[in-house]
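Engineer:
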Amino acid sequence: MAYLSLFFSAFISATLLPSSSELVMTAMIASGDNLLWLLWLSATVGNVLGSCVNYWLGTQVMRFKDRKWFPVSQNSIDKAEQQFNKYGIYSLLFAWLPIVGDPLTVVGGIFRVKFSIFLLLVTLGKGARYLAVLAFAVGLEKLF
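FYI, UniProt numbering numbers position 110 of the sequence shown as 110, with every residue one higher than the one before it.
1. How many angstroms separate the CA atom of residue 105 from the CA atom of residue 34?
2. Skipping 5 residues on each side, what residues in its chain have a beta carbon closer than 8 Å to that of residue 49?
3. Going by DSSP in three states, residue 78 sits in which element: helix, strand or coil?
4. Return the CA-CA distance between residue 65 and residue 135, expressed in angstroms with no decimal places.
5. Please classify residue 116 as buried or exposed, where buried requires at least 16 neighbouring CB atoms within 10 angstroms.
6. If you compare alpha carbons, which of 123, 138, 139 and 133 is closest to residue 45?
7. Find the nearest neighbour of residue 112 within the set 17, 32, 131 and 62, judged by alpha-carbon distance.
8. Considering only C-alpha positions, which residue in the set 32, 29, 80 and 39 is nearest to residue 58?
9. Can you list, in chain order, the residues of its chain with a C-beta nearer than 6 Å to that of residue 133? Leave out the 5 residues immediately preceding and following it.
10. Relative to the alpha-carbon of residue 17, which residue among 54, 107 and 74 has its alpha-carbon at the smallest distance?
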């Protein structure tokens, strides 16, 4: 049940809703009752799936760009595309970053990044982030 709780915390953290799966994970590590690799896997899979929801939302949002209530102007969309093209798809490796990471995954969907590449880059970045959380919580020498 603990792994499922971490999974959902990580899933919610990856969407545009606020949450802190790192704190949940650290508390679970501190309890000493959980397998570290399962904590890492639960958090990584949950967070990546949450990013996939953002990607899907990004693929759908542009259907509404011509509506009066649409909150983003065409000029802002063009600027976002220019920035995304400037830094490239490899910016998705930073989807784990606070504040900018979740919108990056939406932008990946808006600009139709090939899903397999999106999934690979986001998984690498988020998996590395949770590995760093584990290493910080237990100490690098105990992790390997």
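All residues carry an ideal CB built from backbone N, CA and C; glycine is no exception.
Structural biologist: According to the structure shown:
1. Start at 1 with the first residue of the sequence shown, and residue 105 comes out as number 105. Start at 1 with the first residue of the sequence shown, and residue 34 comes out as number 34. Near 30 Å, if we compare the C-alpha coordinates of residue 34 and residue 105.
2. Translated into the one-based positions of the sequence shown, residue 49 becomes position 49. Only 11 and 14 meet the Cβ criterion.
3. Against the sequence shown, residue 78 aligns to sequence position 78. Looking at residue 78 - three-state DSSP - the assignment turns out to be helix.
4. What you label residue 65 is simply residue 65 of the sequence shown in a count that begins at 1. What you label residue 135 is simply residue 135 of the sequence shown in a count that begins at 1. Approximately 43 Å, taken between the alpha carbons.
5. Residue mapping note: residue 116 aligns to position 116 of the sequence shown, counting from 1. Classification of residue 116: exposed, given that the 10 Å Cβ count is below 16.
6. Numbered from its first residue, the sequence shown carries residue 45 at position 45. That would be 123, whose Cα lies nearest to the Cα of residue 45.
7. Residue numbering aside, residue 112 sits at position 112 when the sequence shown is read from its first letter. Nearest of 17, 32, 131 and 62 to residue 112, Cα basis: 62.
8. If you number the sequence shown from 1, residue 58 lands on position 58. Out of 32, 29, 80 and 39, 80 has the C-alpha closest to the C-alpha of residue 58.
9. Reading the sequence shown from its first residue, position 133 is the one you call residue 133. If we look at residue 133 and ignore the five residues flanking it on each side, its Cβ neighbours are 22 and 25.
10. Along the sequence shown, read from residue 1 onward, the residue named residue 17 stands at position 17. Checking every option, the nearest Cα to that of residue 17 belongs to 54.
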